[in-house]
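Worksheet: one structure, shown below.
There are 2 protein chains.
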Amino acid sequence: MKFNKVLNSIKTYEAGKPIELVVREYGIAPKDVVKLASNENPIGTNPAIAKVIRSHADIAHLYPDDSMFELKAALAKKYNVEDTNIIIGAGSDQVLEFISRAVLDENASVLMSGVTFAMYEIYAKQMGAKVYKTMSHEHKFEEFMEAYNMYRPKVVYICTPNNPTGDATSKEDVIALIEAMGSDTVIVVDGAYMEYAAAKDEKYRITPNDLLGYDNVIYLGTFSKAHGLGGMRVGYGIAQAPLIKELYKMRPPFNITTLSLRVAIEATKDDSFVQQSVALHQEQIKRYEAFADENSIGYIDSYTNFITYLFDENLNSSHIADALLKRGVIIRDLASYGMNAIRITIGTEEQNSTFFRHFSEIIA
Amino acid sequence: MKFNKVLNSIKTYEAGKPIELVVREYGIAPKDVVKLASNENPIGTNPAIAKVIRSHADIAHLYPDDSMFELKAALAKKYNVEDTNIIIGAGSDQVLEFISRAVLDENASVLMSGVTFAMYEIYAKQMGAKVYKTMSHEHKFEEFMEAYNMYRPKVVYICTPNNPTGDATSKEDVIALIEAMGSDTVIVVDGAYMEYAAAKDEKYRITPNDLLGYDNVIYLGTFSKAHGLGGMRVGYGIAQAPLIKELYKMRPPFNITTLSLRVAIEATKDDSFVQQSVALHQEQIKRYEAFADENSIGYIDSYTNFITYLFDENLNSSHIADALLKRGVIIRDLASYGMNAIRITIGTEEQNSTFFRHFSEIIA
Chain H
1 MKFNKVLNSI
11 KTYEAGKPIE
21 LVVREYGIAP
31 KDVVKLASNE
41 NPIGTNPAIA
51 KVIRSHADIA
61 HLYPDDSMFE
71 LKAALAKKYN
81 VEDTNIIIGA
91 GSDQVLEFIS
101 RAVLDENASV
111 LMSGVTFAMY
121 EIYAKQMGAK
131 VYKTMSHEHK
141 FEEFMEAYNM
151 YRPKVVYICT
161 PNNPTGDATS
171 KEDVIALIEA
181 MGSDTVIVVD
191 GAYMEYAAAK
201 DEKYRITPND
211 LLGYDNVIYL
221 GTFSKAHGLG
231 GMRVGYGIAQ
241 APLIKELYKM
251 RPPFNITTLS
261 LRVAIEATKD
271 DSFVQQSVAL
281 HQEQIKRYEA
291 FADENSIGYI
301 DSYTNFITYL
311 FDENLNSSHI
321 ADALLKRGVI
331 IRDLASYGMN
341 AIRITIGTEE
351 QNSTFFRHFS
361 EIIA
Chain V
1 MKFNKVLNSI
11 KTYEAGKPIE
21 LVVREYGIAP
31 KDVVKLASNE
41 NPIGTNPAIA
51 KVIRSHADIA
61 HLYPDDSMFE
71 LKAALAKKYN
81 VEDTNIIIGA
91 GSDQVLEFIS
101 RAVLDENASV
111 LMSGVTFAMY
121 EIYAKQMGAK
131 VYKTMSHEHK
141 FEEFMEAYNM
151 YRPKVVYICT
161 PNNPTGDATS
171 KEDVIALIEA
181 MGSDTVIVVD
191 GAYMEYAAAK
201 DEKYRITPND
211 LLGYDNVIYL
221 GTFSKAHGLG
231 GMRVGYGIAQ
241 APLIKELYKM
251 RPPFNITTLS
261 LRVAIEATKD
271 DSFVQQSVAL
281 HQEQIKRYEA
291 FADENSIGYI
301 DSYTNFITYL
311 FDENLNSSHI
321 ADALLKRGVI
331 IRDLASYGMN
341 AIRITIGTEE
351 QNSTFFRHFS
361 EIIA
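So the sequence lines, in the order shown, correspond to chains H and V.
If you're matching positions, the first sequence starts at 1 in the UniProt record's numbering and goes up one per residue.
If you're matching positions, the second sequence starts at 1 in the UniProt record's numbering and goes up one per residue.
Quick look at the structure:
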C-alpha cells in the first residue's frame, strides 16, 4: 500500500486530557478531578437540554433528518439569514474540514495568526497545503497583509476571539482585513467564542449578517462553548449560498447525531443559558485577573471563557501543567504553541478556588 | 474563489426521506407514517441503551474521551484483537472517508460491485479517483479479477452482505479475492449488516480476525443496524496496526459524541438486543418472501435486514415508491442504481402489514 504523501507531515490534534484518563493514570477519585482544559461550560449541561436528551433517548435508532430542516430554520431565524446560507458540521471543526477539502491542494497555502486554533493547520496539511503564520498571536493588519501579498493564500483564518490566547479582533479590524484582501481568497471568521467577546465589548461583536455581503467570507459558530454542548458536536458555517453549496459537496450524510440535532434546535431557541454562562464567566474571570496581578503573573486580556497566563523565565509552563495534573487539575500547557504559558478554562467558583489553591502551592 | 475541480463531478448522497418530511409534505400524521427506507432497527432503541442515554444526559457539555479507551477495550475484547487494530468513525461511513483520503488521489482508481453502497463512489470522487464497477451486483470473482488486473485499483470494496441488494459473499469467496489481489491494494470488507448474514448461514460469517493476517485488509462494522443505533453515528474499522495508524491521521478530534461513546461501550457488551433484532427479522422476512411468491414478484435472497423486490416491465419502481410515499410508506426506490426495484427494510409485524396492505392496493 502507498499512502498519500501528505500523511508524512500530519500531526494529530492533542485533545485536553479527559477526566477518565487522570483517574486511571494518577488514581485520583473522579470527584477530585477538576478539568479546566477544554473550555467546556462549567455550569454543565443546560437542564432544559438534558430534558430534551432524556425525552428523545428512545429514538437513537433513527437517523437524523439529513436536510436538518428544523435546525436550519431556527438558525436562520436567530441570525436573520436564509437556510441556504447555512451548513451544519459536527462541531464548527467539521466546517473547517469542508472548507479545506473544497479549496485546498498541494499548490495552495493558508494564512493564520502566529498562535491560533490548531485544527486550521492540521486540516490544511491534510490537503498538502502550505501553512503561513504571522509573527504575532494577535491578528495584526500589517502582518496579515504583508503575508497575504507575498503568498496569496487560498484561505485566511481570523479567529476572533482567538483560541488558545483569548485576545479578540474588533469588527472594524476584521472588516478592514476582508476589504483589503481579494475575493479569490476564502476568509474564515471563526466566532466559536463570540458570545463572550460580544458580551464584554460591543465593538468585538460580529454577526453572520455583518459578513454576508462578501461572497468569499464564512462565519463559523458553535454550540460547544457558551451553549454548553461540546459533547454533542454541532457547529455551523454561514455564508453566501453559492459558497455553502460547494461546501455541501464535502459533507457526509448524517454528520450529526439524532440527539445532537434535537438539542441544537432547542438551544438555538433558548438564549437564557448563554446569558447565565456569560454572567458566571464575567464574575469568575475577575478572580483570575486579581490572582495574576497579586502574584505578578502576566496574562492576556481575555474575550473568551478561558484565560492565558504568561510566565517569565522563573516558571516553566510544562512543569506547572504536570504538577497540576498530578493533583487532579487539568489545564492546557501552551508549550507546543511556542509559548511559556498555560490556558485555563474559567470554571465554577469552587473549581477556580481549587485551581488557585493548588497553583499557589506549586509556584510558592 | 476557485474550488477544487473534483467538486464538479460530486453527487451527494440521497438519504432515505425522514418521517418529518413526509409529515410536512403530505400532511400525514406522524403515527401513520411507516418508514422502511433506511434499514433502521424496527424494534427501536434498545431500552438498556435508552437508559444509558438518560443517565448521561447531563454530561452533554463534556467532550468525549478522544482516546476512546473504553470503547476500544470493549471492541478489542469482543473481537479478540488489540486496541491498536481499531479506529472509530462517526458511522463506518467515516472510516470509508478516512480510507479514501489516506490513499486516493486523481491518479488512483477504486473497484466495487455493480450495485453497492453509494458512499464508496462518493468518497472516491471527492478525492478525484476513478470509479470502476463490475457488471453484476453480486461480488463475482472473475469480474473482480478482470477489472482488478486491468485497472489496478488502490481500493477494492467488498460489501458483504451487500447494500442495497441484500446478497452476500461467502467467507471463502472473500478470502479468495483477497488472496488473488496484490497487497498494494487496500481491500475494504464492509460488514455493516454482518450480524444478519452470520445468523442466516455460517458460511457468510466473517469476523475481523479472519482478515487480520492481511496487512492490506480492513473490516468495517457498525452500531447502526443490528445494534439499533443509527442515530448515534458510531462505526469502526479493524485492521493491522500500521494501516490503522495511517488512517488516524485523517481522523478529526472528537469525531463521535459523548453520548455516542457511552452507548457504543454498552452496546458492545450486550449482545442480547442483537439476537432479539435478528430473531424478529428472520420471522418477518418470511412474510416478504411469501408475499413476493404469491404475487409473482422477483426478489433477491436477503442476508440483511431489508429485502429487494425486483420488478418486471409491468411495474415501475419509481411510480410505486411515489404511490407508497403519498400513503405515508417510505421505502427506497433503486432506480438511481439502475434497477427497476425497491428496497424495503423489514419492519415490525404491524409495519410490514401496513406495507403489504398499501402495496397490494397499488399493484392491484
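Don't be surprised by glycine CBs; every beta carbon is placed ideally from N, CA and C.
Keep in mind that this is a model prediction, so the values were computed, not measured.
At a Cβ cut of 8 Å, what residues of the stretch 233-255 of chain H count as close to chain V, listed as they run along the chain? Arg-233, Leu-243, Glu-246, Tyr-248, Lys-249, Met-250, Arg-251, Pro-252, Pro-253, Phe-254 and Asn-255
Are the stretch 164-175 of chain V and the stretch 302-310 of chain V touching, with three or more C-beta to C-beta distances below 8 Å? yes
Neighbour flag for Pro-164(H) against chain V, beta carbons, 8 Å: The count along the first sequence starts at 1 and reaches residue 164(H) at position 164. So, not an interface residue.
Closest Cα partner of Ala-108(H) within the set Thr-185(H), Val-115(H), Ala-239(H) and Asn-209(H): For the purposes of this step, residue 108(H) is taken as the residue at position 108 of the first sequence. For the residues Thr-185(H), Val-115(H), Ala-239(H) and Asn-209(H), the minimum Cα distance to Ala-108(H) belongs to Thr-185(H).
With the cut-off set at 8 Å, would you say Ile-238(H) and Tyr-219(H) are in Cβ contact? Your numbering for residue 238(H) matches position 238 in the first sequence. Your numbering for residue 219(H) matches position 219 in the first sequence. Yes, these two residues count as a Cβ contact at 8 Å.
Using 8 Å as the limit for Cβ to Cβ distance, is His-281(V) near chain H? Translated into the one-based positions of the second sequence, residue 281(V) becomes position 281. So, not an interface residue.
Residue closest to Ala-341(V), alpha-carbon to alpha-carbon, out of Asp-322(V), Arg-327(V) and Thr-354(V): As a first step, residue 341(V) must be located in the second sequence, where it is residue number 341. Ranking Asp-322(V), Arg-327(V) and Thr-354(V) by Cα distance to Ala-341(V) puts Asp-322(V) first.
Quick one: list the residues of chain V neighbouring Lys-269(H), beta-carbon separation under 9 Å, in chain order. For the purposes of this step, residue 269(H) is taken as the residue at position 269 of the first sequence. The premise fails here: Lys-269(H) is roughly 16 Å from chain V at the closest Cβ pair, so nothing lies under 9 Å.
Strictly below 9 Å CB to CB, what residues from chain H border Asn-216(V)? In the second sequence, residue 216(V) corresponds to position 216, counting from 1. The answer, in chain order, is Met-1.
Near Gly-230(H), which residues of its chain fall below 6 Å by C-beta distance, leaving aside the five closest residues on each side in sequence? Along the first sequence, read from residue 1 onward, the residue named residue 230(H) stands at position 230. So the list reads Glu-40 and Ser-224, once near-sequence residues are dropped.
What does DSSP give as the partner residues of Leu-71(V) in its beta bridges? By one-based count along the second sequence, residue 71(V) stands at place 71. Answer is none; Leu-71(V) lacks a bridge partner.
With three or more C-beta pairs closer than 8 Å as the rule, is the stretch 87-96 of chain V touching the stretch 252-269 of chain H? yes
Chain H residues whose Cβ lies nearer than 8 Å to that of Arg-54(V): In the second sequence, the residue the question calls residue 54(V) occupies position 54. Simply Ile-53, Arg-54 and Ala-57.
Can you pull the chain H neighbours of Leu-97(V), defined as C-beta to C-beta under 7 Å? For the purposes of this step, residue 97(V) is identified with residue 97 of the second sequence, where counting begins at 1. In the sequence on display, residue 97(V) carries Glu and not Leu. By Cβ distance, chain H contributes Pro-252.
Should Pro-161(H) go down as buried or exposed, given a rule of 16 or more other Cβ atoms within 10 Å for buried? Working through the first sequence from its first residue, we reach residue 161(H) at position 161. Buried, because 16 or more other Cβ atoms sit within 10 Å of the Cβ of Pro-161(H).
With a threshold of 8 Å between beta-carbons, can Ala-90(V) be considered close to chain H, or not? As a first step, residue 90(V) must be located in the second sequence, where it is residue number 90. By this cut-off, Ala-90(V) is an interface position.
Note the first and the last residue of the continuous alpha helix (DSSP H) segment covering residue 425(H). Residue 425(H) falls outside the range modelled here, since chain H spans only 1 to 364, and no answer is possible.
Whose CA, out of His-139(H), Ser-260(H), Ala-73(H) and Lys-140(H), lies closest to the CA of Val-234(H)? For this step, residue 234(H) is matched to residue 234 along the first sequence. It is Ser-260(H) whose Cα lies nearest to the Cα of Val-234(H).
Taking C-beta pairs closer than 7 Å, name the residues in chain V that His-61(H) reaches, listed in chain order. As a position in the first sequence, residue 61(H) is number 61, starting the count at 1. The answer, in chain order, is Glu-40, Asn-41, Gly-44, Thr-45, Gly-228, Leu-229, Gly-230 and Gly-231.
Return the residues of the stretch 98-114 of chain H that lie within a Cβ-Cβ distance of less than 8 Å from chain V, sorted by chain order. Arg-101, Ala-102, Val-103, Leu-104 and Asp-105
Determine whether the Cβ of Ser-67(V) lies closer than 8 Å to any Cβ atom of chain H. Start at 1 with the first residue of the second sequence, and residue 67(V) comes out as number 67. Chain H, which has a Cβ nearer than 8 Å to the Cβ of Ser-67(V), makes this yes.
Beta-carbon within less than 6 Å of Lys-200(V)'s beta-carbon, same chain only, minus the 5 sequence neighbours each way: which residues are those? As a position in the second sequence, residue 200(V) is number 200, starting the count at 1. Same-chain partners within the cutoff: Tyr-303.
Inter-residue spacing [alpha-carbon to alpha-carbon] between Glu-121(H) and Val-110(H): Translated into the one-based positions of the first sequence, residue 121(H) becomes position 121. Translated into the one-based positions of the first sequence, residue 110(H) becomes position 110. Between Glu-121(H) and Val-110(H), the C-alpha separation is close to 8 Å.
Could one say the Cβ of Val-156(H) lies closer than 8 Å to chain V's Cβ atoms, at least one of them? As a working mapping, residue 156(H) is identified with position 156 in the first sequence. No, no contact with chain V.
Would Gly-182(H) and Asn-46(H) be called neighbours here (beta carbons separated by less than 8 Å)? In the first sequence, the residue the question calls residue 182(H) occupies position 182. In the first sequence, the residue the question calls residue 46(H) occupies position 46. No, the pair does not count as a contact, with Cβ atoms beyond the cut-off.
Assumed close pair Ala-129(V), Tyr-13(V) - CB separation to whole angstroms, cut-off 8 Å: For the purposes of this step, residue 129(V) is identified with residue 129 of the second sequence, where counting begins at 1. For the purposes of this step, residue 13(V) is identified with residue 13 of the second sequence, where counting begins at 1. Between Tyr-13(V) and Ala-129(V) the Cβ distance is about 17 Å, and since that is not below 8 Å, they are no contact.
At the level of alpha carbons, what is the spacing between Met-127(H) and Met-68(V)? Translated into the one-based positions of the first sequence, residue 127(H) becomes position 127. Translated into the one-based positions of the second sequence, residue 68(V) becomes position 68. Roughly 26 Å separates the two Cα atoms.
Tyr-288(V), DSSP secondary structure in three states: Locating residue 288(V) in the second sequence gives position 288, where the first residue counts as 1. Looking at Tyr-288(V) - three-state DSSP - the assignment turns out to be helix.
At the 8 Å Cβ level, is Gln-20(H) part of the contact set with chain V, yes or no? As a first step, residue 20(H) is located in the first sequence; it is residue number 20 there, counting from the start. Note on identity: in this sequence residue 20(H) is Glu, with Gln being the wrong assignment. Yes, contact with chain V.
Quick check on Leu-280(H): does DSSP put it in helix, strand or coil? Taking the first sequence and counting its residues from 1, one reaches residue 280(H) at position 280. Correct three-state label for Leu-280(H): helix.
I'd like the list of long-range same chain contacts for Tyr-63(V), defined as Cβ closer than 6 Å, with 5 residues on each side in sequence excluded. Position 63 of the second sequence, counting from 1, holds the residue named residue 63(V). Correct list, in chain order: Phe-254.
Could you check whether Ile-187(V) and Ile-206(V) sit closer than 8 Å to each other, using their CB atoms as the reference points? Along the second sequence, one-based indexing puts residue 206(V) at 206. Along the second sequence, one-based indexing puts residue 187(V) at 187. Not closer than 8 Å, so no.
Rounded to whole angstroms, what's the CA-CA distance from Asp-333(V) to Ile-43(V)? Just pull it up for me. Numbered from 1 along the second sequence, position 333 holds the residue referred to as residue 333(V). Numbered from 1 along the second sequence, position 43 holds the residue referred to as residue 43(V). Between Asp-333(V) and Ile-43(V), the C-alpha separation is close to 23 Å.
Please look up how many angstroms separate the CB atoms of Ser-317(H) and Ala-335(H), rounded, as I've assumed it's under 8 Å. One-based indexing of the first sequence puts residue 317(H) at position 317. One-based indexing of the first sequence puts residue 335(H) at position 335. Indeed, because the Cβ distance is near 5 Å, the residues count as touching under 8 Å.
Quick check on the burial criterion: 16 or more other C-beta atoms within 10 angstroms. Buried or exposed for Ser-55(H)? Here the question's residue 55(H) lines up with position 55 in the first sequence. Burial call: exposed.
Between the CA atoms of Val-155(H) and Met-1(V) - distance to the nearest angstrom: On the second sequence, position 1 is the one that residue 1(V) refers to. On the first sequence, position 155 is the one that residue 155(H) refers to. If you take the alpha carbons of Met-1(V) and Val-155(H), they lie about 9 Å apart.
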